[in-house]
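The opening position of the sequence shown corresponds to residue 1 in the UniProt record's numbering, with each subsequent residue numbered one higher. Glycine included, every Cβ here is placed at the ideal spot set by N, Cα and C. Bear in mind that the values here come from a model prediction, so they are computed numbers and not experimental data.
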Amino acid sequence: MAKSEDSDGSTRSDEGKSPAKRLITNVPRLDFITKGGLIQGSSYAIIGPPGSGKTVLANQIAFQHVKNGGKALYVTLLSESHGRMLENLSEMTFYDASVIPDRLQYLSGYRDLERDGLKGLLELLRKNAQAHGTTLLIIDGMDAAKEFARSDLSFKRFLQDLQTFSSILGCTTLLLAPHHEGEIHPENTAVDGIFELSLWLHGPRAVRELIAIKFRGGPSLLGRHEVEISNQGMVIHPRTEVQFAHPAAEGREDRIRMSFGIPRLDEALRGGLLSGSTTLLLGAPGTGKTLLGLHFLLQGAREGQPGVYFGFFETPPRLIEKAEGTGMGDLKKYVDEGLIEIQWQPPLEHNLDSLAEKLLERIEERKVDRLRLFIDGVSGFRSAAVYPDRMGRFFSALTHQLRMMDVTTLYSDETPLFSPGVDMPQPEAASTVENVILVRYVELRSQLYRLLSIMKMRESAYDSAIREFSISEEGIQVAETFESAESILTGHARMTGGPSPSASVKAPLGARKKQGRKASAKKKPATKKAPTGAPRRRRS
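Written as structure tokens, this is what we have:
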């Protein structure tokens with residue numbers, strides 16, 4: 001539907017029957033949650049406990065509104081002084097002192113409220129809103145106004161009168177009030193919308209969230225959405241599974257093979273992974289997942305395909321150093337050229353949906369074809385989740401969105417280091433991804449070796465044989481079938497009794513040269529014959 005924008009930053013529909021104009025807040029993703037912004041002339045309650053960000057959000061909306069040509073009136077009732085409030089806001093990027101007081105006016109209404117009650121406050125608001133040409137009215141401290149009401153009914157009448165003159169002026173109203181869990185606010189039934197902010201502790205971590213409880217006149221994204229407050233003001237992160245609840249049904253049709261550049265592995269994959277697919281790389285710590293992922297990106301760069309490394313645990317210099325020590329010395333060249341981009345997430349407290357937004361928005365900004373993506377460490381996303389039961393839905397939405405963007409994605413996830421079985425940290429992921437590759441350790445002749453196997457590959461034939469692979473200064477080598485592995489499901493392949501091992505088991509990749517040297521040096525000792533006539537021993 002086509003939309004046009006007015007001088008005050010609001011929008012209206014050019015088509016259809018709805019004449020409702022929208023006030024664009026320009027608060028990151030708040031307009032996405034409200035499906036286009038606040039409805040002009042409506043009233044909204046912003047409630048939440050102290051410290052949840054009510055004042056920051058209201059001022060951010062006000063400054064953005066006047067920046068787009070509107071006029072705002074901010075009225076305080078027994079809250080912090082204007083000077084202290086503006087001093088706290090002055091460090092934020094949306095703050096602009098030049099718009100005060102011509103376009104954004106601050107006014108204290110407590111004296112009129114104390115002297116003349118709600119009637120006096122209403123008269124003050126009406127007079128100043130008309131004189132200022134207000135298109136956005138904010139009242140901070142509605143709990144103080146409620147104290148002067150004789151009853152809940154008289155307070156609702158005050159709100160009704162306030163809404164009446166606001167709608168006549170075409171003025172949108174924000175009412176700020178403190179709120180604690182379990183409290184009932186009579187004004188909530190009178191307003192057109194309610195935004196509840198919360199602040200609570202998840203272990204040692206403080207979590208801020210926003211809920212659009214009520215939004216008359218249009219749809220909105222329901223549920224909890226995490227919030228961050230920084231020098232940019234308030235940033236809202238809608239849940240990823242809600243943002244992409246209705247993705248495109250189909251992706252790109254002209255698919256190609258994406259090789260790792262490791263001959264035996266590419267043979268097993270019948271040329272490589274299909275473009276636009278998602279692969280889960282499972283393995284215990286130290287099995288070589290990061291190096292396999294880097295090799296996948298490097299091979300793409302050698303073929304002219306762009307790549308992104310998105311990781312949590314390895315800094316860019318450490319990654320390049322690791323690559324140079326394992327036969328991938330040209331990785332730095334492609335990083336410097338920008339063909340491979342390293343996005344390292346410092347070990348801080350992350351927001352799950354913010355990580356997904358950062359990744360997807362950067363991919364969208366690059367506007368490249370046939371992108372390869374290696375996400376090194378699903379556990380980095382998992383540790384950022386406040387609600388662990390979201391992980392299945394989150395990854396399903398993220399994976400499908402990447403697939404629709406024709407991104408060939410490789411995830412790495414860790415299995416336990418010492419486990420008799422293959423335990424997937426996220427079992428539901430097996431149904432989300434097209435391919436699963438397992439790398440793990442196996443014990444053989446008192447040494448640990450690495451094994452690789454393709455557990456699953458949709459839409460393609462593949463070789464499911466278990467293969468040994470080694471990592472050295474020359475690079476990654478994958479051997480033929482590793483015949484000594486008793487079972488990939490247990491990870492405890494051991495030499496057992498019976499015939500000579502050398503007759504039935506092929507030596508590991510790293511040990512074959514050593515065995516060849518030893519075989520030439522050793523000679524079979526001559527057997528001594530017993531002297532003629534010597535007595536034979538009986539077996540008891």
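Query, Result
"Residue 450 to residue 443 span [Cα, whole Å]", "9 angstroms"
"Continuous beta strand (DSSP E) stretch holding residue 225: start and end", "224 to 230"
"Beta-carbon gap between residue 334 and residue 340 smaller than 8 angstroms", "yes"
"Reduced DSSP category for residue 179 - H, G, I as helix; E, B as strand; rest coil", "coil"
"Pair within 8 angstroms by beta-carbon distance, residue 476 and residue 268", "no"
"Alpha-carbon to alpha-carbon, residue 284 and residue 315", "20 angstroms"
"Beta strand (DSSP E) runs contained entirely in the stretch 198 to 282, provided each spans 3 or more residues", "205 to 215, 224 to 230, 233 to 237"
"Rounded Cβ spacing between residue 141 and residue 78 (contact assumed at less than 8 angstroms)", "5 angstroms"
"Residue 394 beta carbon less than 8 angstroms from that of residue 164", "no"
"Same chain only: Cβ atoms within 7 angstroms of residue 301, ignoring 5 sequence neighbours per side", "307, 334, 339, 340"
"Counterpart residues of residue 357 in DSSP-defined beta bridges", "Looking at the DSSP assignment, residue 357 forms no beta bridge with any residue, so it has no partner."
"Reduced DSSP secondary structure (H/G/I, E/B, other) of residue 58", "helix"
"Distance between residue 40 and residue 20 (C-alpha atoms, nearest Å)", "7 angstroms"
"Residue 44 beta carbon less than 8 angstroms from that of residue 286", "no"
"Residue 20 - DSSP class collapsed to helix/strand/coil", "coil"
"Short Cβ contact (8 angstroms threshold) for residue 236 with residue 29", "yes"
"Residue 115 in three-state terms, based on DSSP", "helix"
"Integer Cβ distance of residue 435 from residue 279, believed to fall under 8 angstroms", "4 angstroms"
"Cβ-based burial, residue 8 [other Cβ within 10 Å; buried from 16]", "Low per-residue confidence applies at residue 8: pLDDT is 48, beneath 50, and the placement is therefore not dependable, though the value from the model is reported in the following sentence. Buried, because 16 or more other Cβ atoms sit within 10 Å of the Cβ of residue 8."
"Option nearest residue 376 by Cα separation, candidates 289, 336, 456, 159", "289"
"contact_flag[the stretch 126 to 135, the stretch 159 to 176] where n(CB pairs < 8 angstroms) is 3 or more", "yes"
"Sheet register partners of residue 138 (DSSP bridge)", "74, 174"
"Closest by C-alpha distance to residue 262, when choosing among 327, 215, 224, 188", "327"
"Close-in-space but distant-in-sequence residues of the same chain around residue 95 (CB under 7 angstroms, 5 per side omitted)", "63, 89"
"Own chain residues within Cβ distance below 6 angstroms of residue 323, not counting five before or after", "294, 331"
"In chain order, each beta strand (DSSP E) run of at least 3 residues that lies wholly inside the stretch 363 to 403", "372 to 376"
"Where the alpha helix (DSSP H) through residue 334 begins and ends", "331 to 337"
"Other residues of its chain near residue 345: CB distance less than 6 angstroms, five sequence neighbours each side excluded", "312"
"Cβ-based burial, residue 206 [other Cβ within 10 Å; buried from 16]", "exposed"
"Collapsed DSSP secondary structure at residue 288 in the structure displayed", "coil"
"Nearest to residue 144 (by Cα), restricted to the options 156, 468, 118", "118"
"Host beta strand (DSSP E) of residue 341 (start-end)", "340 to 344"
"Local conformation of residue 110 per DSSP, three classes", "helix"
"Backbone CA spacing between residue 478 and residue 265 [nearest angstrom]", "6 angstroms"
"Residue closest to residue 438, alpha-carbon to alpha-carbon, out of 448, 36, 456", "456"
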